[in-house]
Amino acid sequence: MKQKEFIIPFSGLKQGKHEFKYVIKNEFFESFEYDEFNSADVNLTVLLNKTSTMMELDFIASGSVNVNCDTTNEPYDQSVDSDIQLLVKFGEAFNNEDDEILILPHGEYEMNIAQYVYEMLVLAVPQKRVHPGIADGTLKSEALDKLEELQPKAKDEKENKEESDPRWDELKKLLTDK
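Numbering (UniProt numbering), first residue to last: 1 to 178.
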């Protein structure tokens with residue numbers, strides 16, 4: 001999928017509402033040299049409301065990306081649901097410093113929304129990726145078994161097993177002898 005599909009030639013559109021639909025696959029993220037996803041299948045709808053002085057865009061995404069769990073490195077499908085709004089105005093010079101307002105120079109006839117789509121979807125995936133099988137106990141993996149084996153023992157178990165050190169006992173008496 002090339003990013004050119006995300007160029008919207010708005011000058012030929014009548015005033016009013018327009019809808020654009022996209023299916024985002026992993027090739028889209030690869031075009032940004034982003035390789036954190038094993039695969040992607042996200043449906044994107046862009047609603048454009050064009051007026052005489054500006055345009056409002058609503059991006060609505062829903063689908064899933066396949067990522068590796070941070071704990072076990074097991075791949076799983078992470079659901080992705082996100083939406084953002086973008087206001088497009090016209091001015092003297094191009095300005096995209098504001099996340100919610102894009103200013104295009106007078107005379108522009110098209111805009112590329114690929115960067116907004118990319119950022120929205122990458123930010124929709126949780127920073128810490130945990131396989132759902134870890135939470136409900138259904139995932140069986142060598143990594144989880146090893147983590148459980150290396151997990152520190154509970155504090156109560158240690159205290160019951162260890163004999164008290166006579167040197168500390170003498171010091172403890174000082175606390176109680178007043």
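For every residue, glycine included, the Cβ atom is placed at its ideal position computed from N, Cα and C.
Whole-angstrom distance between residue j and residue i, CA atom to CA atom
{"i": "Tyr34", "j": "Val122", "result": "9 Å"}
{"i": "Ser164", "j": "Lys172", "result": "11 Å"}
{"i": "Ser79", "j": "Glu30", "result": "19 Å"}
{"i": "Glu56", "j": "Thr72", "result": "42 Å"}
{"i": "Pro166", "j": "Val67", "result": "54 Å"}
{"i": "Gln151", "j": "Ile24", "result": "40 Å"}
{"i": "Lys128", "j": "Asp70", "result": "7 Å"}
{"i": "Pro126", "j": "Asn43", "result": "18 Å"}
{"i": "Glu74", "j": "Asn38", "result": "11 Å"}
{"i": "Pro105", "j": "Pro9", "result": "14 Å"}
{"i": "Glu119", "j": "Trp168", "result": "58 Å"}
{"i": "Gly63", "j": "Asp41", "result": "6 Å"}
{"i": "Ala114", "j": "Val130", "result": "28 Å"}
{"i": "Val117", "j": "Phe32", "result": "11 Å"}
{"i": "Phe20", "j": "Asp77", "result": "25 Å"}
{"i": "Ala61", "j": "Tyr22", "result": "9 Å"}
One or two residues paired with residue i in a DSSP bridge
{"i": "Asp35", "result": "Answer is none; Asp35 lacks a bridge partner."}
{"i": "Ser52", "result": "None; Ser52 has no bridge partner."}
{"i": "Glu20", "result": "Correcting the residue identity first, residue 20 is Phe in this sequence and not Glu. Answer is Val46, bridged to Phe20."}
{"i": "Asp83", "result": "Ile60"}
{"i": "Met120", "result": "Its beta-bridge partners do not exist; DSSP assigns none."}
{"i": "Lys89", "result": "Met54 and Ile103"}
{"i": "Ile7", "result": "Asn112"}
{"i": "Gln78", "result": "Val65"}
For residue i, the nearest candidate out of the options (CA to CA)
{"i": "Thr51", "options": "Val117, Phe90 and Pro152", "result": "Phe90"}
{"i": "Glu100", "options": "Glu108, Gly107, Gln85 and Ala93", "result": "Gln85"}
{"i": "Asp58", "options": "His18, Phe28 and Ser64", "result": "His18"}
{"i": "Gln15", "options": "Leu47, Asn112, Asn26 and Lys21", "result": "Leu47"}
{"i": "Glu92", "options": "Asp77, Glu108, Asp98 and Asp81", "result": "Glu108"}
{"i": "Ser82", "options": "Ala124, Thr45, Met54 and Glu170", "result": "Ala124"}
{"i": "Met54", "options": "Lys4, Met111, Val65 and Thr176", "result": "Met111"}
Residue i classed as buried or exposed, judged by whether at least 16 other C-beta atoms fall within 10 angstroms
{"i": "Gly12", "result": "exposed"}
{"i": "Ile7", "result": "exposed"}
{"i": "Phe28", "result": "buried"}
Rounded Cβ spacing between residue i and residue j (contact assumed at less than 8 Å)
{"i": "Leu102", "j": "Asn96", "result": "5 Å"}
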